[in-house]
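J.:
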Amino acid sequence: MSRVLWTLLCYLAVVSCSENDSPDHATAESRAVTFPLEVLGAPGKEVALIVKLDAATLSSTSTVAVALTLHNIVQTESADLAINGGPPIDLSSADGPFNHPDGRVTTATVPIDRAQLVAGNNRFVFRYKRQVVDDGSAISGYRVLKVAINVGDRTIQVEAPAEDPQLWRPMREDAQSLERGRFFFSDVSRDDGPACTRCHADSGADLQYYAFSNNSIVERAMFHRFTREEAEDIASYIRSLNVVSAGRPYQAPFQPGADNVGAAGASINTVLTDDAAFAKSVVSYAPWESAGAVDTFLLPTSVQAPTWLRWLPRTLDPTWFTRNDGVLAKAEQALASEPSIENARTFMSAAMRVGTDVLVTTGDHHARIDVLRFAAVKLWDWSRRSGFNSPDHGLPDGGPAYPYEVGFAFFEAAAAGKAVQEAMDQTMSWWWAQLAANPGRGLSSGRRPLNYQDVLTAASGAGLGPEQLRFLYLYGSWEESRGELATAWGTEQGPVRLLDVPLSTLAFPDRLEVVLRFLRRETEFLNSGGQLTQGHHRTLAQAWNRTCEQFTADQRATVRAAAPTDVWTDLAGCP
Numbered sequence: 001m002s003r004v005l006w007t008l009l010c011y012l013a014v015v016s017c018s019e020n021d022s023p024d025h026a027t028a029e030s031r032a033v034t035f036p037l038e039v040l041g042a043p044g045k046e047v048a049l050i051v052k053l054d055a056a057t058l059s060s061t062s063t064v065a066v067a068l069t070l071h072n073i074v075q076t077e078s079a080d081l082a083i084n085g086g087p088p089i090d091l092s093s094a095d096g097p098f099n100h101p102d103g104r105v106t107t108a109t110v111p112i113d114r115a116q117l118v119a120g121n122n123r124f125v126f127r128y129k130r131q132v133v134d135d136g137s138a139i140s141g142y143r144v145l146k147v148a149i150n151v152g153d154r155t156i157q158v159e160a161p162a163e164d165p166q167l168w169r170p171m172r173e174d175a176q177s178l179e180r181g182r183f184f185f186s187d188v189s190r191d192d193g194p195a196c197t198r199c200h201a202d203s204g205a206d207l208q209y210y211a212f213s214n215n216s217i218v219e220r221a222m223f224h225r226f227t228r229e230e231a232e233d234i235a236s237y238i239r240s241l242n243v244v245s246a247g248r249p250y251q252a253p254f255q256p257g258a259d260n261v262g263a264a265g266a267s268i269n270t271v272l273t274d275d276a277a278f279a280k281s282v283v284s285y286a287p288w289e290s291a292g293a294v295d296t297f298l299l300p301t302s303v304q305a306p307t308w309l310r311w312l313p314r315t316l317d318p319t320w321f322t323r324n325d326g327v328l329a330k331a332e333q334a335l336a337s338e339p340s341i342e343n344a345r346t347f348m349s350a351a352m353r354v355g356t357d358v359l360v361t362t363g364d365h366h367a368r369i370d371v372l373r374f375a376a377v378k379l380w381d382w383s384r385r386s387g388f389n390s391p392d393h394g395l396p397d398g399g400p401a402y403p404y405e406v407g408f409a410f411f412e413a414a415a416a417g418k419a420v421q422e423a424m425d426q427t428m429s430w431w432w433a434q435l436a437a438n439p440g441r442g443l444s445s446g447r448r449p450l451n452y453q454d455v456l457t458a459a460s461g462a463g464l465g466p467e468q469l470r471f472l473y474l475y476g477s478w479e480e481s482r483g484e485l486a487t488a489w490g491t492e493q494g495p496v497r498l499l500d501v502p503l504s505t506l507a508f509p510d511r512l513e514v515v516l517r518f519l520r521r522e523t524e525f526l527n528s529g530g531q532l533t534q535g536h537h538r539t540l541a542q543a544w545n546r547t548c549e550q551f552t553a554d555q556r557a558t559v560r561a562a563a564p565t566d567v568w569t570d571l572a573g574c575p
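Last residue of the sequence shown: 575 in the UniProt record's numbering, with the numbers rising by one and none dropped.
(1) To which residues does DSSP link residue 46 through a beta bridge?
(2) So, under 8 Å CB-CB, residue 38 and residue 143 are touching, yes? Tell me the CB distance rounded to an integer number of Å.
(3) For residue 574, count neighbouring C-beta atoms within 10 Å of its own C-beta (all shown protein chains included) and say buried if the count is 16 or more, exposed if not.
(4) Considering residue 141, what are the terminal residues of the beta strand (DSSP E) in which it resides?
(5) Look at residue 382 and residue 437 and say whether their C-beta atoms are less than 8 Å apart.
(6) Terminal residues of the continuous beta strand (DSSP E) containing residue 251?
(7) Which residue's Cα is closest to the Cα of residue 454: 466, 482 and 493?
(8) Please identify the residue among 112, 288, 456 and 232 whose C-alpha is closest to the C-alpha of residue 525.
(9) Using only the alpha-carbon positions, how far apart do residue 225 and residue 146 sit?
(10) Whose C-beta lies closer than 8 Å to the C-beta of residue 173 among residues of the same chain, with five residues either side of it excluded?
(11) Hey, would you say residue 64 sits closer than 8 Å to residue 117, going by beta carbons?
(12) Please state if the CB of residue 452 and the CB of residue 476 are separated by a distance shorter than 8 Å.
(13) What did DSSP end up calling residue 21 once you bin it into helix, strand or coil?
(14) Are the beta-carbon atoms belonging to residue 103 and residue 307 less than 8 Å from one another?
(15) Which residues in the same chain as residue 365 place their Cβ atom closer than 6 Å to its Cβ, once the five residues preceding and following it in sequence are excluded?
(16) Counting C-beta neighbours from all protein chains within 10 Å, is the total for residue 508 16 or more, i.e. buried, or is it exposed?
(17) Flag this pair as yes or no: are the beta carbons of residue 276 and residue 264 separated by less than 8 Å?
(18) Work out the CA separation of residue 69 and residue 100 for me, nearest whole Å.
(19) Pick from 495, 415, 473 and 393: whose alpha carbon is nearest that of residue 482?
(20) Using the beta-carbon count (16 or more within 10 Å), is residue 191 buried or exposed?
(21) Could you pull the start and end residues of the beta strand (DSSP E) that residue 73 belongs to?
(22) With three or more beta-carbon pairs closer than 8 Å as the criterion, would you say the segment 559 to 567 touches the segment 511 to 531?
(23) Compute the Euclidean distance between the alpha carbons of residue 80 and residue 96, then round it to the nearest angstrom.
(24) Would you give the residue range spanned by the alpha helix (DSSP H) that residue 333 belongs to?
(25) Buried or exposed: residue 504, going by 16 or more other Cβ atoms within 10 Å of its Cβ?
(26) For the ligand ZN, is there a heavy atom less than 7 Å away from the beta-carbon of residue 469?
(27) From residue 207 to residue 185, what does the alpha carbon distance come to, in whole angstroms?
(28) For residue 157, name the three-state secondary structure that DSSP assigns.
(29) In the DSSP assignment, find the unbroken alpha helix (DSSP H) run with residue 375 in it and report its ends.
(30) Rounded to whole angstroms, what is the Cα-Cα separation between residue 386 and residue 394?
(31) Pull the bridge partners of residue 90 from the DSSP assignment, please.
(32) Quick check: the Cα distance between residue 356 and residue 377, rounded to an integer number of angstroms?
As structure tokens, this is what we get:
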């Protein structure tokens with residue numbers, strides 16, 4: 001093969017540019033392209049991966065499967081895999097593991113016929129089959145992050161180096177090309193939609209920060225009707241920005257984990273496999289203040305925060321900026337000219353007002369979500385300029401809780417039963433991102449994040465397991481009993497309102513420990529001179545009455561013995 005052809009194939013992601021063998025020398029070697037594989041572009045896009053297997057591996061009588069980690073498969077009939085020219089394996093079936101409306105990163109195994117594999121080179125061809133609509137926008141493909149072959153109880157990992165975005169350079173570096181790229185990105189539309197800058201950070205810094213490759217930027221620009229040369233100018237402009245490529249397109253902003261890096265989030269490898277894996281991270285029930293020792297920025301979870309693709313609005317309606325006397329446009333201009341925390345709050349409030357107006361006048365939850373996504377992107381850029389590496393992670397106290405507000409729009413869509421797929425799951429995804437970045441309770445002004453009564457409702461609706469529900473209760477009840485919120489303890493707005501979800505969802509002994517923990521704190525409050533409102537009594541009685549039949553007689557007696565006399569009547573149910 002000529003060197004020119006070899007270089008071309010490397011660029012097109014058809015064969016490996018590396019001669020390195022797999023670590024499992026005794027059973028297989030793999031030659032693969034640089035990961036991730038980007039199956040991006042117009043429908044019909046194909047990306048091939050060459051995997052070399054030896055005869056000894058294939059002589060096994062064990063079952064064979066391919067293990068894949070895929071990102072951003074959102075609709076059916078959009079992605080498949082063909083092995084050695086055999087029948088395609090559907091990767092996007094509605095009942096399959098990879099298809100999710102939030103485009104999450106998913107790892108799963110797909111059984112394959114051992115007869116499809118051969119000794120020597122095996123050609124795995126990933127295909128993007130059709131342009132799919134995603135709430136008004138369109139998806140341009142998906143990414144393959146990992147590939148492995150499972151033979152019986154052995155796993156042969158297809159090894160390939162990860163691309164290093166720090167080495168990427170503009171496709172053209174002359175000043176004229178870079179200026180054309182900036183102009184195309186900021187001021188030009190080829191498809192009658194908004195210019196690129198309206199849905200992205202104003203400068204395009206998000207594309208550089210999250211390391212969207214030249215290839216992905218070019219393909220997406222061409223989807224929006226730019227010529228290839230114009231698209232390459234746009235990609236060159238983005239590459240020229242003085243912004244560190246800290247994140248990755250498949251790595252969620254503010255994903256919590258030990259390797260969390262600013263808004264780049266922790267790597268996908270830190271996302272826990274299930275609720276049971278969370279158990280070792282959960283704080284104890286006593287003392288009450290123990291939850292305060294938890295750093296939610298570093299605490300891993302099985303909940304995936306939204307990747308940057310989910311932050312970008314699917315549609316952008318120009319009428320948003322003329323509603324309510326142009327309040328959103330005015331607030332955006334003010335934030336751009338003076339990026340103060342006051343202007344950031346005003347901008348968030350304007351987006352909330354317009355989003356609510358859109359929902360009231362059109363009934364369209366998707367549109368409201370997109371208004372708040374638009375605001376979240378612009379506020380992400382504001383936070384970036386404010387400093388993601390500061391102790392507040394770029395979301396200072398009193399600053400707008402923009403991940404929370406997008407999640408709240410999903411939460412209300414779920415409550416309304418409207419056609420927003422997996423709305424409660426997506427609520428929890430956004431809210432855990434907020435929990436990682438800034439976990440304080442939210443108020444209607446949006447100035448403080450996270451109302452934990454809603455968080456627990458969403459977590460239960462999203463099917464989170466008992467360990468993560470327990471943590472959210474422990475952390476939320478501590479969070480909502482300190483600072484300015486301490487004065488609300490004896491009212492129905494204090495932590496008493498959080499009891500209902502854990503009492504109705506947790507198993508024993510957790511359910512018993514939750515109510516005993518609360519009553520110990522209730523006793524401390526009353527002994528210090530606190531008083532309980534009638535609303536507090538009603539809320540406690542309601543939580544108890546909904547679940548007391550699930551306690552044994554001895555457990556009910558234990559609860560009443562631990563209760564202060566002031567609430568005995570609240571616990572009278574289920575004698």
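For each residue, glycine too, the CB sits at the ideal point set by N, CA and C. For clarity, every value in this text was computed on a predicted model and none was experimentally measured.
T.: The structure says:
(1) Within the sequence shown, residue 46 is the residue found at index 46, counting from 1. Partner(s): 127.
(2) Taking the sequence shown and counting its residues from 1, the one referred to as residue 38 is at position 38. Taking the sequence shown and counting its residues from 1, the one referred to as residue 143 is at position 143. Residue 38 to residue 143, Cβ: 6 Å. Contact.
(3) One-based indexing of the sequence shown puts residue 574 at position 574. So residue 574 ends up on the exposed side.
(4) Residue numbering aside, residue 141 sits at position 141 when the sequence shown is read from its first letter. Per DSSP, residue 141 belongs to the beta strand (DSSP E) from 141 to 151.
(5) Here residue 382 refers to the residue found at position 382 of the sequence shown. Here residue 437 refers to the residue found at position 437 of the sequence shown. No, they are not a contact pair.
(6) The residue given as residue 251 occupies position 251 in the sequence shown. Residue 251 -> no beta strand (DSSP E), and no H or E assigned at all.
(7) Indexing the sequence shown from 1 puts residue 454 at position 454. The residue with the shortest Cα to Cα distance from residue 454 is 493.
(8) If you number the sequence shown from 1, residue 525 lands on position 525. Closest option to residue 525, Cα to Cα, is 288.
(9) For the purposes of this step, residue 225 is identified with residue 225 of the sequence shown, where counting begins at 1. For the purposes of this step, residue 146 is identified with residue 146 of the sequence shown, where counting begins at 1. If I take the Cα positions, the gap works out to 31 Å.
(10) Sequence index remark: in the sequence shown, residue 173 carries index 173 (1-based). Cβ neighbours of residue 173 beyond the five flanking positions: 236 and 240.
(11) The residue labelled residue 64 in the question sits at position 64 within the sequence shown. The residue labelled residue 117 in the question sits at position 117 within the sequence shown. In this structure, residue 117 lies closer than 8 Å to residue 64 by Cβ.
(12) By one-based count along the sequence shown, residue 476 stands at place 476. By one-based count along the sequence shown, residue 452 stands at place 452. Yes, these two residues count as a Cβ contact at 8 Å.
(13) Stepping through the sequence shown from its first residue, residue 21 is reached at position 21. In this prediction, residue 21 scores a pLDDT of 33, lower than 50, which makes its location untrustworthy; no coordinate-derived value is stated.
(14) What you label residue 103 is simply residue 103 of the sequence shown in a count that begins at 1. What you label residue 307 is simply residue 307 of the sequence shown in a count that begins at 1. It is a contact, given that the beta carbons lie within the stated cut-off.
(15) Here the question's residue 365 lines up with position 365 in the sequence shown. Only 413, 418 and 420 meet the Cβ criterion.
(16) Taking the first residue of the sequence shown as 1, we reach residue 508 at position 508. Flag for residue 508 reads exposed.
(17) Taking the first residue of the sequence shown as position 1, residue 276 is located at position 276. Taking the first residue of the sequence shown as position 1, residue 264 is located at position 264. No; because the gap between Cβ atoms is not below 8 Å, this pair is not in contact.
(18) On the sequence shown, position 100 is the one that residue 100 refers to. On the sequence shown, position 69 is the one that residue 69 refers to. Between residue 100 and residue 69, the C-alpha separation is close to 13 Å.
(19) Counting from 1 along the sequence shown, the entry for residue 482 is found at position 482. Minimum Cα distance to residue 482 is reached at 495.
(20) Working through the sequence shown from its first residue, we reach residue 191 at position 191. The residue in question, residue 191, is exposed, as its Cβ has fewer than 16 Cβ neighbours within 10 Å.
(21) Translated into positions along the sequence shown, residue 73 becomes position 73. From DSSP, residue 73 is part of no beta strand (DSSP E); its letter is neither H nor E.
(22) Yes, they touch.
(23) Sequence index remark: in the sequence shown, residue 80 carries index 80 (1-based). Sequence index remark: in the sequence shown, residue 96 carries index 96 (1-based). Residue 80 and residue 96: Cα-Cα distance of roughly 12 Å.
(24) The count along the sequence shown starts at 1 and reaches residue 333 at position 333. Segment 323 to 337, the alpha helix (DSSP H) holding residue 333.
(25) Within the sequence shown, residue 504 is the residue found at index 504, counting from 1. It counts as exposed.
(26) As far as ligands go, the structure on display features none, and thus does not contain the ligand ZN.
(27) Taking the first residue of the sequence shown as 1, we reach residue 207 at position 207. Taking the first residue of the sequence shown as 1, we reach residue 185 at position 185. The straight-line gap from Cα to Cα measures roughly 12 Å.
(28) For the purposes of this step, residue 157 is identified with residue 157 of the sequence shown, where counting begins at 1. In the structure shown, residue 157 sits in a strand (DSSP, three-state: E or B).
(29) If you number the sequence shown from 1, residue 375 lands on position 375. First-last of the alpha helix (DSSP H) with residue 375: 365 to 386.
(30) Position 386 of the sequence shown, counted from the first residue, corresponds to residue 386. Position 394 of the sequence shown, counted from the first residue, corresponds to residue 394. In a straight line, the C-alpha of residue 386 is about 6 Å away from that of residue 394.
(31) Taking the first residue of the sequence shown as 1, we reach residue 90 at position 90. Bridge partners of residue 90: 80.
(32) Start at 1 with the first residue of the sequence shown, and residue 356 comes out as number 356. Start at 1 with the first residue of the sequence shown, and residue 377 comes out as number 377. Distance between the alpha carbons of residue 356 and residue 377: 18 Å.
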